[in-house]
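A quick write-up on the structure given underneath.
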Amino acid sequence: MIKRYFLFLLILMCAVCSANATTPTVPETCAATDFYVVLDDTSMTTELITAQLETIDFNVASPSVSGVENNRIYFSSKSDLARFCAILSYTNPSLPFSGAFSVYTEDGFTPVSVLKIYGTYAPEAWVYSDLTINSSKSQMAYIYSQTSNGQYSGDSISNNGVQFFYYSGGSTAVNGAQYDEIVLLSNNVLTYGCKGGGYDPRVGRVMSSLVVFDYIEYEYSGSLTLTLTELYTPPEQGNISVYATAGTAVYESSYLLGTTDNGGLLDIQLPMGEHTLKFVKDGYWDVFKTVTVSENTSEIYVSMAPSNAIFQVEKEFSGNIYPNSVARLSMDITPVKTAYTTKLRVSGVEVNKVYYQTQELPKTADGSYIIGDMSSPQNLVIDFKTTSSWGERAFTVELSATDIEGTAYTNL
């Protein structure tokens, strides 16, 4: 008996792939869908992926590809996506592009594993094994199966007692392959059967590729020895806590990861590695940030600039603040577009020094600090004197500038 925890994709009941051809046809115009893979190799162009896809033989059922763009392959349905994730055939039990891809569905990034199941038997008798699968819920699953039988040999597969795959022959060997969609119950049993013709080469052989978009627990037992091989291991995920203005939508490419709550917080999971996120809210400029996801929870603080402001500003106080001392406020300033004649004003606190591009700025007669034109992210540091007692104190930092058309903007 083998018992393991495993995350993978499955299938049952009708042979479902949109295309009859054994190799995919890639349309000239890409139609993006919710079902796609992102190849790990970012150097693969649309042309290279298309050329390789159209040479891959998927045997009896080829997935329907709705388009290729950059290093993404889009599919017409979830079933087509699952077929892409399964083995190609009995004689070529491998994954397209060596399995070097991440899987996305209507739920966004989707953890996926692929399990190859192989059974063979020579004696003249049917023997069986049950593959028991426990998952979080009932769901659709996907399975590609193919035989390689000798004379007087056969194979069968049933899902919860309902047979959906059967090939058996006499003096003439009978073989077949199918791609099926099945209903996977939260506690599910797939039964594999196999019989031989009494000796080699009269052997029954069956191979399946099970695909499930879920984490599952499984075990198998019985008289038929099954060889299980993991072909795809999903990338590990890390946790990210996003802090932004309440109601800010967070995207990766065109996919919505979620929206910050009334407190401005959104907790999400992403595969470990580098990701570029977009932050969107009506009445504010869009913000782009590149983050690195690790095994430790990462925190992202996003300052959303109103659309009537020309700067995006992120600010941070350096060190502890004590009464009757000098504290420091560091500001990372990113112009949404080139800002001209930029000025800084500080009110509500006594300013000690202001630094821009590590140079101290003089204070003008009207109390402002002249920064000038700004076209790229810059750092601004304000040293200010603290009050004589503990407690909260508020002060205002104002940045004013104009754009190339002369429109005036003020950031507070």
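Last residue of the sequence shown: 412 in the working numbering, with the numbers rising by one and none dropped. Quick reminder that beta carbons are idealized off the backbone N, C-alpha and C, glycines included.
Item	Value
Rounded C-alpha distance that separates L184 from V211	11 Å
Contact belief for T386 with S325 at Cβ below 8 Å, rounded distance in angstroms	5 Å
Which of helix, strand or coil DSSP assigns to F311	strand
Cα-Cα separation between E295 and V302, rounded to whole angstroms	21 Å
Which listed residue (S76, L380, S66) has its alpha carbon closest to that of L329	L380
S389 (DSSP reduced to helix, strand or coil)	coil
Burial state of V16, where buried means 16 or more other Cβ atoms lie within 10 Å	Because V16 sits at a pLDDT of 43, beneath the cut-off of 50, its placement in the model cannot be relied upon, and the point is left open.
Inside the stretch 65–116 only - alpha helix (DSSP H) runs reaching at least 4 residues	78–85
Contact under 9 Å by Cβ, A249 with K281	yes
Cβ shell of M207 (< 6 Å), same chain only, five flanking positions each side left out	Y90, Y118, Q146
I49, enclosing alpha helix (DSSP H) - first and last residue	46–53
C-beta atoms of G176 and T120 nearer than 9 Å	no
Residue from R393, Y369, T29, Y167 with nearest C-alpha to G67	T29
Three-state secondary structure (DSSP) of Q359	strand
Closest residue to I300 among T45, Y284, D267 (Cα-Cα distance)	D267
Cβ pair Y369, P362 closer than 9 Å	yes
Neighbourhood of Q139 by C-beta distance below 7 Å, restricted to the same chain and skipping five residues each side	L184, D214
Reduced DSSP category for S347 - H, G, I as helix; E, B as strand; rest coil	strand
Sequence-distant residues of its chain with Cβ nearer than 8 Å to S223 (five each side left out)	V127, Y128, S129
Residues that DSSP places opposite M374 in a beta bridge	A339
Buried/exposed call for P96, threshold 16 Cβ in 10 Å	buried
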